[in-house]
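Report on the structure given below.
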Amino acid sequence: MFSHIMEGRSTEQKTELSRCIVQKLAEMFPHVHNIAMNVQDFEKATYTNKSML
Numbered sequence: 776m777f778s779h780i781m782e783g784r785s786t787e788q789k790t791e792l793s794r795c796i797v798q799k800l801a802e803m804f805p806h807v808h809n810i811a812m813n814v815q816d817f818e819k820a821t822y823t824n825k826s827m828l
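Residue numbers (the working numbering): 776 to 828.
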């Protein structure tokens, strides 16, 4: 699983987010052998959503 979050979180916060999500997915899908996650952050200056148009 990949996650993109807005910049500003510490490495510790991103690690905790990753661990929590992988743990929950493992509970939801116990027969899936390989569950992994990567958290990346993006710059607020480059972010746009529909309501900003």
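Just so you know, even glycine gets a beta-carbon here, dropped at the ideal spot from N, CA and C.
In whole angstroms, give me the CA-to-CA distance for residue i and residue j.
i      : j      : result
Met803 : Val797 : 10 Å
Ile780 : Ala801 : 22 Å
His808 : Lys789 : 23 Å
Leu792 : Asn813 : 10 Å
Leu828 : Glu782 : 21 Å
Along the alpha helix (DSSP H) that carries residue i, what are the first and last residues, could you check?
i      : result
Met781 : No alpha helix (DSSP H) contains Met781, which is instead part of the beta strand (DSSP E) from 777 to 781.
Please report the residue range of the beta strand (DSSP E) in which residue i lies.
i      : result
Val807 : First-last for Val807: undefined, no H or E at that position.
Asn813 : 813 to 817
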